[in-house]
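Just below is one structure, and these are the notes that go with it.
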């Protein structure tokens, strides 16, 4: 087997110093055949030894003692023989560090291979091989008390009636995981017997050894299975790296991916199950001790297979190529290696470089299996990429080729029936080889030795195509039988001619065919039946192709002439003056139909009379001697429909704009001429009663006369005057009189209120404000508006009240009482209040008259407050009694 070393760095230093030397291993055998009536086996135990400076036993021990047991039923197996296994081969694994890369760790592992040969008698129960060594490294953090737990290697030999060899593992790599990286391990095995292999994780074995007896002799009897290791909390066979860790095992090829999140050493074990004829035959284990540590920053390279597929299917004598991309995110230089049993074939895959840079290489892997290399199990090619970083890192993947035999049964591809005279090409399901074609009841149209056969079939009945094929790996003969079918029988029918835009009916006399395909001008879907329709657009042939499983395909056609429609002899529009008629002529060879039958008079053939009183639309249909008819629109336009005279009344000085008729082909004549005239539109300023005669000329063909009478209405003159103004409690009371002229009615407005239509109006407005009074005068529809803004001052500006400041209440009738002259409108809002010098009210009265009789009041000075509405008047009053 061709193999190149796969380097996966295992860092061991003071932090990872091991109390035991073993890092794992596996136990197996190879069946060598019979010798002197006994079954001969080559036994092989592989161990991995820590050879760093901290290892207690840095080199594989030799010899080793293993036990051979009979696999009888029950838990305990009797010891048949103690085997002495001699160290046969060693291999020291050390990484090659790039120049300048110095690491503070010892990096070293020895692979030791121990061999022996056994002659075993026939056995119906089989045998067991057992070896153990105590104890495990104290640095294994996934186990509970690892330095107290032993390590066992076991393999079983099935009953000799089924000779068997265990799968052979690929050499183990240095198993180190850098925190944050994913480590790929090639835990792939090759089965010499071609058995199907299935991989799974298992619980590692412990054993019977103890720290005081680290290499005990084989136990007798052997308890099978041996004891299992005891995991520390948080660890298990499927979670061997604890929380945050990750393990993946490809069940079909053993490819292993590992990721650790905490530093330390960990134990994993995998098992390979051998299946033969869908029956489990045997189990083989491999155990490894994995170290997880913090490494210098260096992203590992990546191996990427084309389309992400790891399994490629190919036939014998075919070639398949797969692109493999090797890249490194850090830009490190890459080297790559290949391995696997596929390289031992006489025709191994050919590997070429498509492109290469310092950090990326694209390879083309092409494999062309030959005859005899078909296998139920795939051929594996191991691909590894290694960068030159510090520390160097790698990625690993497996490309599998599933090789199948070419089909031995040749099949001819072609129809089961052909049509008489038809030319067809027949092929087969084989890609290459020697071909020899022949036909029965037909002829070959191509050379008989080509991969495909061209044929033509000239007679009805049964026929066949034969092929004799010779391939590189195999040969076969095939025959394809067929039926040569006659043509279908049918006839086509359709009218000889059709009018333009009519519907043509096309029919096939036979309605039992499986398919109908029509072609021709103006066909209307659907087109897949024995009867179809077409819109007559042009003369031409209509073609029908029919086919039937019991007959064949046939095409026929029929010609249909499309007749033109009669020409319309009339224009689309004619003009007739109001009250007149028009006679339109047409050829005697045509027949005429007019709709609707209003304002028209059929006459002798060749003429028709129309006399509409207004614009009117008709539909005319002319039919020729072939029965083809055409429908058109006809408008008889009457532009001079009479208009009524106009009598209107307008306010004096109104600008009246009037257009009697509009249109591009109408002219107007005014008598007398208005002040302004633009076309037919006149602008008239009304100043008196006016009359106009307007003559309308339509397109120079028709005339009409229109009278326009305008009555002038005098405009009213709105005006009013102020009649009276006086103050009151509720506000300023104002009276106004109407003095409008030339009016028939009025309306007062104190917005937003209407105040009435009398000749005078009285309003009360609050003091201190501006107000508007409007008067609208009417004379029929004519109006005029007069408005005035009313200003109300403060109340005190309207009150001139004299306040006496001395009274002499002596009963002589002169100046006995205090009086103030207040206008009569303040009866409800006048109040008097008198206070003495100490501020005590001595008198209060409301309403008019505004008087104070100081009876029983002593002489002195008093303070008097007179309130009128919202106005206050203050004075000091002296009362003098004599």
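Numbering (my numbering), first residue to last: 8 to 889. We put the CB at the ideal spot given by N, CA and C, even for glycine.
In chain order, which continuous runs of the beta strand (DSSP E) of length 3 or greater are located wholly inside the segment 418-471? 424-426, 430-435, 441-447, 460-463
Between the alpha carbons of residue 157 and residue 150, how many angstroms are there, rounded? 11 Å
From residue 217 to residue 141, what distance separates their C-alpha atoms? 6 Å
Residue 84 classed as buried or exposed, judged by whether at least 16 other C-beta atoms fall within 10 angstroms: buried
Answer yes or no: do residue 135 and residue 78 have a C-beta to C-beta separation smaller than 8 Å? yes
Residue closest to residue 290, alpha-carbon to alpha-carbon, out of 321, 319, 206, 465: 206
Helix, strand or coil for residue 620 per DSSP? coil
Please give me, in chain order, every unbroken run of the beta strand (DSSP E) with length at least 3 that falls completely inside the segment 622-648. 623-630, 636-644
Start-to-end residues for the beta strand (DSSP E) that takes in residue 810: Unbroken run through residue 810: none, as it is neither H nor E.
What residue from 372, 195, 162 has the CA that sits closest to residue 260's CA? 195
Beta-carbon proximity list for residue 449, same chain, < 7 Å, skipping 5 on both sides: 462, 463, 464, 465, 470
Residue(s) in a DSSP beta bridge with residue 826: 858
Which one or two residues does DSSP pair with residue 321 in a beta bridge? 410
Using 10 angstroms around the beta-carbon of residue 19, count the other beta-carbons present and answer buried if the total reaches 16, otherwise exposed. In this prediction, residue 19 has a pLDDT of 38, which is less than 50 and means its spatial position is unreliable; what the coordinates show is noted afterwards. Residue 19 comes out buried.
Considering residue 588, what are the terminal residues of the beta strand (DSSP E) in which it resides? Note, residue 588: premise wrong, no beta strand (DSSP E); not H, not E.
Nearest to residue 702 (by Cα), restricted to the options 683, 679, 718: 679
Using the Cα positions of residue 167 and residue 197, report the straight-line distance between them to the nearest angstrom. 21 Å
Sequence ranges, alpha helix (DSSP H) only - wholly within the segment 471-520, length at least 4: none
Out of 664, 717, 606, which one is the CA nearest neighbour of residue 655? 717
Sub-8 Å separation of residue 635 and residue 667 beta-carbons: no
With three or more C-beta pairs closer than 8 Å as the rule, is the segment 260-273 touching the segment 173-190? yes
What residues in its chain sit with their C-beta under 8 Å from that of residue 848, if we drop five residues either side in the sequence? 840, 841, 842
Contact belief for residue 881 with residue 887 at Cβ below 8 Å, rounded distance in angstroms: Contact flag wrong, Cβ pair sits at about 20 Å.
Let's test the definition: count the other Cβ atoms within 10 Å of the Cβ of residue 616 and tell me whether it reaches 16, buried, or not, exposed. exposed
Taking the straight line between their C-alpha atoms, what separation do you get for residue 854 and residue 864? 22 Å
Compute the Euclidean distance between the alpha carbons of residue 227 and residue 398, then round it to the nearest angstrom. 48 Å
Could you have a look at residue 803 and say whether DSSP puts it in helix, strand or coil? helix
Measuring CA to CA, which of 658, 264, 645, 593 is closest to residue 627? 593
Kindly indicate which three-state DSSP category residue 4 falls into: helix, strand or coil? Examination of residue 4 is not possible in this model, given that the chain is present from 8 through 889 alone.
Does the separation of the CB atoms of residue 474 and residue 484 fall below 8 Å? yes
Using three-state DSSP, classify residue 8 as helix, strand or coil. Since pLDDT at residue 8 reaches only 28, below the 50 mark, its modelled position is unreliable, and no value is offered.
In whole angstroms, what separates the C-alpha of residue 498 from that of residue 488? 32 Å
So, under 8 Å CB-CB, residue 649 and residue 711 are touching, yes? Tell me the CB distance rounded to an integer number of Å. 6 Å
For the segment 231-298, list the beta strand (DSSP E) runs that are entirely contained and at least 3 residues long, ordered along the chain. 253-256, 262-266, 271-283
Own chain residues within Cβ distance below 8 Å of residue 614, not counting five before or after: 590, 591, 592, 593
With a CB to CB cut of under 6 Å and the five nearest residues on each side skipped, what residues in its chain are close to residue 528? 544, 545, 547
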